[in-house]
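Engineer: As numbered in UniProt numbering, residues 1 to 66 make up the sequence shown, in order. Each residue gets a CB set at the ideal place from its N, CA and C atoms; glycine is no exception.
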Amino acid sequence: MIAVSSGRDQVVQILLENGANVNAQNESGQTPLLYAASKNRLDIAKVLLNHGADVNLVNHIKQSPL
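1) Just to confirm, are His60 and Val22 a CB contact at a threshold of 8 Å?
2) Which residues mark the beginning and the end of the alpha helix (DSSP H) in which Pro32 is found?
3) Look at the Cβ atom of Leu66, then the Cβ atom of Ala53, and state whether they are nearer than 8 Å.
4) Relative to the C-alpha of Glu17, which residue among Leu57, Asn56 and Val47 is closest?
5) Helix, strand or coil: how does DSSP classify Ile14 here?
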């Protein structure tokens, strides 16, 4: 999430290539894709989607990236 929030798409790419869970959820149920979408980080959202991010996962208050 930190790499997503800081806009470091290359770091996100490297983490994913080395086994980071693209659908990991924090204590609030936020996923990297949901966070990227909420912060308008479309470049990072594309990277996450290309690595299989699930657009149907929701957080604890039922928000989705869509």
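Structural biologist: For this structure:
1) It is not a contact, given that the beta carbons lie outside the stated cut-off.
2) Annotation: the continuous alpha helix (DSSP H) that includes Pro32 extends over Pro32 to Ser38.
3) In this structure, Ala53 does not lie closer than 8 Å to Leu66 by Cβ.
4) That would be Val47, whose Cα lies nearest to the Cα of Glu17.
5) DSSP places Ile14 in the helix class (H, G or I) of the three-state scheme.
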